[in-house]
Ligand SMILES: NC(=O)c1ccc[n+]([C@@H]2O[C@H](COP(=O)([O-])OP(=O)(O)OC[C@H]3O[C@@H](n4cnc5c(N)ncnc54)[C@H](OP(=O)(O)O)[C@@H]3O)[C@@H](O)[C@H]2O)c1
Ligand SMILES: NC(=O)c1ccc[n+]([C@@H]2O[C@H](COP(=O)([O-])OP(=O)(O)OC[C@H]3O[C@@H](n4cnc5c(N)ncnc54)[C@H](OP(=O)(O)O)[C@@H]3O)[C@@H](O)[C@H]2O)c1
């Protein structure tokens, strides 16, 4: 088990703790926006796609990578925009909060 | 800036986030036990002491390390015991909770 | 990490990750939610920009083209989708994300195949995991999307021997993985594993009913996070690992919350299909009991009068309003009533509809002023002093059985106590049961008037009726 | 990390860190607090055990001796300390922790000195940081301890030119650090830096009054965490970094909470000494105003009667009870009153005493049944219906000025509204002001009876008085 993998594990565990703690305080009405917001974040896979498809020239790897880029970008852009659309509607709520 | 340092920074930031999130939900009456509990945890410095004083034979490093071990251990053991003593008194509280 | 990305990139990753965390945090409170979303988006921008600076990224043209196409499609989808279609939209996007992670793993596999590098044990394992999670997320989400979009029937589909088959496939996957660990550069086996993962996704979602899809989607959302993390392990990239873990954790929490709100266990949601027999029967008997009871029925004219001459009206929207897209007419009705000096409030049950906040989103879309929306706990005490409770396409959330009938599947779920109101008008198409499939005794109470019909049409008629008062 | 500790150790570190996190989390709720503390302790055990397996650890005998001595001393201290001495105890332990971190950095420095390794920029910087934070924590905590233990006067000490001197020293430290970065192996400069850090700690705490020490200690606690983290960076050890960060964050949060509870800003707590002139004067005038008002005074016999024949009594403990160690007699008094059928409650103000939960700890020590303790918000409404409010060594927390007197330093602090009770008995030694140094108009109200004397004696007399009823 490589050194890097262990560090990765550490980072993973810590981030998960953060995730649990940050989330479990969300009022029900915001669950849907939250779901799509965090879904957009999961589109971070796009940078993975960038890294694999970065290589010069045309290889299967690059092509798959490019498709991955497209899919992930849709996820990111679509996700954030949709979330914002939903939240726009809650703006009245800000008055109360 | 070495690779290790960067990773260390990442870990540090994540852990701090965890710390903030975990803590800010503590009822006042538990602040004192919490203070001494987390103080005991800060005694983790003991493992640092172990690492530096581990070397074979007698060098300044080793001697300093040993003193560090003693101090840190006092911090750890004393801290956890004191905390437990305080919490023992709250046991009635558990009935309510 | 194995490859030494320059410090600068690492640091920007750290900043981006922090922005994600702060973003998620702010998404948690109404006042800051929007800014939170923006923060997260900024974090994403930083992460992408930093990655483009990575020396291993060379053919910019293609990449930029890819990004452009993606952004374009994403924007269009986001603009076109209707508020009520949000769950399936999230499901779809989610699937794409999972797909991306799978492709990354496959691409990496092919790179290693081409290169002379020997593939280490852990990188093989992480690749298998990445493919498995990603694949399940992809097909599972797409199937969930299809069910919610009603491209296919939302009904739980079970075929004979389903369990043994699942089991067999699982075994096959394990064997394949072990073999691949043995000879890490066998493309055939690898592709087989990919295939199995995709099939898994389908088998996982098939037996689950359309009503539970929000839960499933939120679960798959958490999977897609884990998939991203797995990809991060494949590429030894902290950014992916952190963000993935964040999403994974958030998704799991949200899933639990949704299940609790429906007071069911996750396992029950996921596997109830296999044990439907029993519950189906019980709800069946519920229906038969129903037949020998009588309901009072009124038409929209009477309804309009009752509402128009009431002092206070509490509107209880439910899944039916969502299905019928009746929120705008409902808002119009409320306006008309207020014009007549009627005090109108909306009672929002936490699990009304099919996802948390479903009703809030719809009513907000129809510009219902937020202060008019009341949570269950705030409105229940008021219901006794309410002249008319107007139930629009809600059923389970107003079923008194939840209070007393210990062997009802929804027993214990807190409900909106509309039966305490002076009168209750229930708008629905027929006597069908709601999501939980149980009969609702509320409909047979003397104070309850049924107003049969599609929510949209009925409410519009009510509006014109009230106008004429 | 630069040195490749074997995977096993790393993983046990991960487990230990997770235990710390869970421990801190559980410490947050009364029901689980104790288990939380145990969890953290277990985590510590795991971490230490794992470290001992590290190949770089060789001379076990000495290490074990060290650990034994430490554990022994720690246990003794923990057993001997009194509940009321908790703050200074924590302060002391805290200082030791800081000292340990400093020593580690120094030791590491000497190791590098001996070895032929070239010292990298970042390791120098982290070492300097580690020394600075550790040193400040050490001396600062010890001074705080001394003040709380009243080994030296708790009064804020300021000497002329303090600020310019601090400033000069800071400059010196900076210059020294830069020089050290230039020639990393200069022991003299390094030791100078160590010395300066130690002086810093003293200068930091000196100007702060004894009453604020809990705040200071909690701040230093957070520092000691950061010191551990710094040590972690020096040794490239994740365990140290994580735990340190956890403590650092928790300490900062707690410090803020304490400041807010006293409704002061942290800066105000830390630097008020430099601006005391003004506030001192104002409270002075407050005192003079006092003189021309009159107070009603009663003796313990009258007091005992008022209490014994009351239907309901609310006891309001404050710092004075802690100082006088009166909690046991107070509990006895309560028992006697209950024997006479009086309904006795305790009203706990969040900042009564000198640290959060101070009163709870004391009363719990005296075995006061937990259900009898009421938080401010719960008891305030009841006070109107209370016959006698018995204020024992509390002052600021019952000062009505906080409600209306906008230019009182405690204006806005929520208080226990004992002035709403039918009668109020205040036990204190004289007319001295409390922590905030402001006069308390409560004492001059007609419904208020002053019962002068040390809390312990007075309450004991009250007990015997009530017994004779
Ligand atoms: N909120 C969540 O997170 C979530 C997620 C998944 C499941 N659930 C579950 O969903 C249920 C929500 O309760 P609910 O009361 O909102 O909905 P419900 O109990 O499912 O009842 C909806 C009712 O609306 C009627 N309806 C359907 N289409 C209609 C139309 N076009 N016009 C008028 N009426 C129509 C149906 O009766 P007819 O067919 O006779 O018209 C049905 O009885 C709960 O059981 C909850 O546990 C909630
Ligand atoms: N809880 C925290 O976290 C914390 C931390 C730091 C500061 N503080 C501050 O401390 C104050 C706490 O308020 P408090 O009302 O509890 O205490 P206080 O306002 O400080 O008043 C204590 C009173 O007790 C009297 N006293 C002292 N020794 C006594 C003895 N042996 N027997 C009887 N009476 C005695 C003193 O008057 P005599 O001298 O006339 O007897 C003094 O007026 C607040 O201002 C708070 O902001 C709180």
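Protein chains in written order, with the working numbering: chain A, 67 to 163; chain B, 67 to 163; chain C, 15 to 483; chain D, 15 to 483. All residues carry an ideal CB built from backbone N, CA and C; glycine is no exception.
Helix, strand or coil: which one does DSSP assign to residue i?
{"i": "residue 148 of chain A", "result": "helix"}
{"i": "residue 360 of chain C", "result": "strand"}
{"i": "residue 331 of chain D", "result": "strand"}
{"i": "residue 325 of chain C", "result": "coil"}
{"i": "residue 311 of chain C", "result": "strand"}
{"i": "residue 192 of chain C", "result": "helix"}
{"i": "residue 124 of chain D", "result": "helix"}
{"i": "residue 115 of chain D", "result": "helix"}
{"i": "residue 427 of chain D", "result": "coil"}
{"i": "residue 162 of chain A", "result": "Here the model assigns residue 162 of chain A a pLDDT of 37, short of 50, so the residue's position is not dependable, and the following value carries that caveat. In this structure, residue 162 of chain A counts as helix in the three-state DSSP scheme."}
{"i": "residue 168 of chain C", "result": "coil"}
{"i": "residue 354 of chain C", "result": "coil"}
{"i": "residue 177 of chain D", "result": "helix"}
{"i": "residue 41 of chain D", "result": "coil"}
{"i": "residue 226 of chain D", "result": "helix"}
{"i": "residue 138 of chain C", "result": "helix"}
{"i": "residue 71 of chain A", "result": "helix"}
{"i": "residue 24 of chain D", "result": "helix"}
{"i": "residue 408 of chain D", "result": "coil"}
{"i": "residue 417 of chain C", "result": "helix"}
{"i": "residue 98 of chain B", "result": "helix"}
{"i": "residue 345 of chain C", "result": "helix"}
Identify every residue that forms a DSSP beta bridge with residue i.
{"i": "residue 442 of chain C", "result": "C/466"}
{"i": "residue 389 of chain D", "result": "D/362"}
{"i": "residue 402 of chain C", "result": "C/327, C/437"}
My assumption, with CB atoms under 8 angstroms, is that residue i sits in contact with residue j. Please give the rounded CB distance.
{"i": "residue 60 of chain C", "j": "residue 112 of chain A", "result": "Residue 60 of chain C to residue 112 of chain A, Cβ: 13 angstroms. No contact."}
{"i": "residue 130 of chain A", "j": "residue 68 of chain C", "result": "Not confirmed; about 18 angstroms, so no contact."}
{"i": "residue 280 of chain C", "j": "residue 222 of chain C", "result": "Incorrect: roughly 11 angstroms between the Cβ atoms, too far for contact."}
{"i": "residue 401 of chain D", "j": "residue 324 of chain D", "result": "4 angstroms"}
{"i": "residue 339 of chain D", "j": "residue 116 of chain D", "result": "Actually they do not touch by this definition, with Cβ atoms about 36 angstroms apart."}
{"i": "residue 38 of chain D", "j": "residue 260 of chain D", "result": "6 angstroms"}
{"i": "residue 480 of chain C", "j": "residue 322 of chain C", "result": "5 angstroms"}
{"i": "residue 150 of chain D", "j": "residue 214 of chain D", "result": "5 angstroms"}
{"i": "residue 114 of chain D", "j": "residue 138 of chain B", "result": "4 angstroms"}
{"i": "residue 354 of chain C", "j": "residue 483 of chain C", "result": "7 angstroms"}
Fill in: the segment 102-111 of chain C touching the segment 133-148 of chain A, judged by at least three CB pairs closer than 8 angstroms
yes
Practice prompt. Assess, as a yes-or-no matter, whether the segment 310-317 of chain D is touched by the segment 334-345 of chain D under the definition of 3 or more beta carbon pairs within less than 8 angstroms.
Written response: no
Worksheet entry | Cβ contact check for the segment 396-406 of chain D and the segment 126-139 of chain D: 3 or more pairs under 8 angstroms | They do not touch, by the three-pair rule.
Item to complete: Check whether the segment 243-256 of chain D touches the segment 157-173 of chain D, counting contact only when three or more Cβ pairs, one atom from each stretch, lie closer than 8 angstroms.
Response: When C-beta atoms of the segment 243-256 of chain D are compared with those of the segment 157-173 of chain D, fewer than three pairs fall below 8 angstroms, so the two segments do not count as touching.
Worksheet item: Using 8 angstroms as the threshold, is the segment 442-453 of chain C in touch with the segment 405-425 of chain C, meaning 3 or more CB pairs across them?
Response: yes
Worksheet item: Counting Cβ pairs, one atom from each stretch, are 3 or more of them under 8 angstroms apart for the segment 168-183 of chain C and the segment 138-150 of chain C?
Response: Contact between the segment 168-183 of chain C and the segment 138-150 of chain C is absent: fewer than 3 CB-CB pairs across the two stretches fall below 8 angstroms.
Discussion item. If contact is defined by three or more beta carbon pairs under 8 angstroms, each pair taking one atom from either stretch, is the segment 348-365 of chain C in contact with the segment 75-84 of chain A?
Written reply: no
Worksheet item: Does the segment 462-470 of chain C touch the segment 26-39 of chain D, meaning 3 or more C-beta pairs lie closer than 8 angstroms?
Response: no
Worksheet entry | Any 3 or more C-beta pairs closer than 8 angstroms across the segment 327-335 of chain C and the segment 360-368 of chain C | yes
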